[in-house]
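Here is the structure we will look at, set down as structure tokens.
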Amino acid sequence: MPQGPHRPDLMRYATVGLEFVATFGLMLACGFWLDRRLNTMPGFLLTGAAFGFAVGLYRLLRRARRLRDAEAAFDASEHRPGGDGERR
Numbered sequence: 277m278p279q280g281p282h283r284p285d286l287m288r289y290a291t292v293g294l295e296f297v298a299t300f301g302l303m304l305a306c307g308f309w310l311d312r313r314l315n316t317m318p319g320f321l322l323t324g325a326a327f328g329f330a331v332g333l334y335r336l337l338r339r340a341r342r343l344r345d346a347e348a349a350f351d352a353s354e355h356r357p358g359g360d361g362e363r364r
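Per my numbering, the sequence shown runs over residues 277 to 364.
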């Protein structure tokens, strides 16, 4: 595992991926549970999978956009006019 300044970035991106998998898996499990309970196989399972994928993808894209904006703001502050260009 890389050490130094890139390690926090790696953990942020890993967290985003885990959040996507957890959201998708939870919705899939809920759909499966409803199908077993109501004996409607595979209606709720497929609905849960589609809904979980959509919500997971929405959250993933929203988080990626925030990370990109935060990185752009950091880069802009690093190269501000009159500054020495060094990271703090």
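Glycine included, C-beta positions come from ideal geometry on N, C-alpha and C.
Distance between residue j and residue i (C-alpha atoms, nearest Å)
i, j, result
"Phe350", "Arg344", "10 Å"
"Trp309", "Ser353", "50 Å"
"Pro318", "Leu286", "37 Å"
"Val331", "Tyr289", "17 Å"
"Cys306", "Gly324", "7 Å"
"Asn315", "Ala326", "19 Å"
"Ala298", "Phe329", "10 Å"
"Gly359", "Ala346", "Note on Gly359: pLDDT 49, under 50, position unreliable in the model; the coordinate value appears next. Answer to the nearest angstrom: the Cα atoms are 19 Å apart."
Cβ pair residue i, residue j closer than 9 Å
i, j, result
"Leu302", "Asp311", "no"
"Leu333", "Val292", "no"
"Arg339", "Glu295", "yes"
Would you mind listing the beta strand (DSSP E) stretches within the stretch 298 to 358 that are 3+ residues and don't spill past its ends, in chain order? none
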